[in-house]
Amino acid sequence: MQELMQVAGDEFSGSVRDEGEKLVVDLRGNADMHAIDPLEHMLERVHADAVRLGSKEIVMDMRELEFMNSSCFKSFVTLVHSAQELEEEKRYKIRLLSNPDYHWQKRSLNALRCFAVDLVTVES
Amino acid sequence: MSDQPLYFELQFKPSVMLVSVVRRFVNDFYSEFLGDPDGTSRVALATHELLENAVKYSVDGATTVWIEVAAREQGNSGGREVRIGLRNRSDAANIANVERVVAEIREIGDAFAAYQKLMMQAAKTKDRFGLGIARICAEGEMEMDCKIEGNEVTLEATTTVEGGAA
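Residue numbers (the numbering used here), protein chains in the order written: chain A, -14 to 109; chain B, 13 to 178.
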């Protein structure tokens, strides 16, 4: 297991680690306007690393993510779209781990899943 | 929980930090008042997104936000209407964008389909505008109304929340 990256905004933090065939992204705190740039930068790197390493899956652990605004959500949309645009053999799956206590996640992550039903799954 | 009507209004100059403070207050307060965790979450989300729009695009910072919860009719175990509004002054470009997005969502007629369409557009550009309003309508299950008077913008999002009787 190797940690690839860490980012932090005001009330937000994220880290990425390489676990063999998958990358695991931990997201914590409050992804508000302060988190837009670090999160966007992180997810761009996640995509690049997933392609470089030949990762089969990216696991996004959002169980400690209290809230995410639409601008940060947009970065996830971009990531999913980037995965869709890859050639089939390079395409990775995206698994979102959610917390049922954060009700917004059920709706937002479902919207992301519907955006790419063949790539995105949600677990709670 | 209460069946009584409730009106809350805040006039301030929101900052990034204060937006989350207000969202958390709305979430905590309405959790107790409404008894509908999903409905409360939707109200808090809409409040956050509207306030962030104000932080980004207000010309003078002055913002009024309000939340109005209708009384539950006697003997009615159904939902109650909630109205979340925000008023501020913005520039012409932002006002045009707001009108465009609200009109597009209304024209498509299906808030979730409009949201997916805007997500696809957003995925291909650096432009972040519009996703917040679409998110309020789709995830918040809200109807959005927009009034423009000069450079003053009033956005009002309406939904129904459940919750048990008092």
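Heads up, the beta-carbon is just placed ideally off N, CA and C, and yes, glycines get one too.
Between Ile21 of chain A and Met45 of chain A, the beta carbon gap of about 17 Å keeps them out of contact (Cβ cut-off 8 Å). Residue environment for Ala16 of chain A: buried (at least 16 other C-beta atoms within 10 angstroms of its C-beta). For Leu63 of chain B against Val77 of chain B, the beta-carbon gap comes to about 6 Å, under 8 Å, which counts as contact.
Of the candidates B:Pro49, B:Glu93 and B:Glu164, the residue whose Cα lies closest to the Cα of Thr172 of chain B is B:Glu93.
The region 120 to 131 of chain B makes no contact with the region 51 to 68 of chain B; the number of CB pairs closer than 8 Å stays below 3. Short of 8 Å from the beta carbon of Leu71 of chain A, and not among the five residues preceding or following it, lie these beta carbons of its own chain, in chain order: Val36 and Tyr77.
Residues of chain B with a Cβ closer than 7 Å to the Cβ of Arg92 of chain A are, in chain order, Glu151.
Met18 of chain A belongs to the set of residues whose beta carbon lies under 8 Å from a beta carbon in chain B.
Tyr19 of chain B is bridged by DSSP to B:Glu80. For Asp50 of chain B, the residues of chain A that pass the 9 Å Cβ criterion are His88, Lys91 and Arg92, in the order they occur in the chain.
Short of 6 Å from the beta carbon of Leu12 of chain A, and not among the five residues preceding or following it, lie these beta carbons of its own chain, in chain order: Gly(-1), Met47 and Leu50. With fewer than 16 neighbouring CB atoms inside 10 Å of its own CB, Thr137 of chain B falls in the exposed class.
Close partners of Ser32 of chain B in chain A (Cβ separation under 8 Å): Glu(-4), Asn15, Asp17 and Phe52.
Inter-segment contact for the region 96 to 113 of chain B and the region 24 to 42 of chain A is absent: fewer than three beta-carbon pairs are separated by less than 8 Å. Under the 8 Å criterion on CB atoms, Ala96 of chain A is classed as interfacial with respect to chain B.
The beta carbon of Ala58 of chain B sits no closer than 8 Å to any beta carbon of chain A. Nearest in C-alpha terms to Arg99 of chain B, of all of B:Phe24, B:Ala125, B:Tyr19 and B:Ile117, is B:Phe24. Under the three-state reduction of DSSP, Glu42 of chain A is assigned to strand. The Cβ of His32 of chain A sits no closer than 8 Å to any Cβ of chain B.
As DSSP reads the structure, Thr172 of chain B sits in a beta bridge with B:Glu93.
Within chain A, the residues whose beta carbon sits less than 7 Å from that of Tyr127 of chain B are Ala96, listed in sequence order. Val102 of chain A sits in coil when the DSSP states are folded into three classes, being neither helix nor strand. In the three-state DSSP reduction, Met47 of chain A falls in the strand class (E or B).
Excluding the 5 residues flanking it on each side, Val62 of chain A has same chain C-beta neighbours closer than 8 Å at Leu97 and Phe100, in chain order.
Linking Arg101 of chain B to Lys7 of chain A through their CA atoms gives a straight-line distance of about 47 Å. At a cut-off of 8 Å, the C-beta of Ser55 of chain A has a neighbouring C-beta in chain B. Taking a 10 Å sphere around the C-beta of Pro85 of chain A, we find fewer than 16 other C-beta atoms and assign the residue as exposed.
Contact annotation for Thr63 of chain A against chain B: Ala135 [CB-CB distance below 7 Å, chain order].
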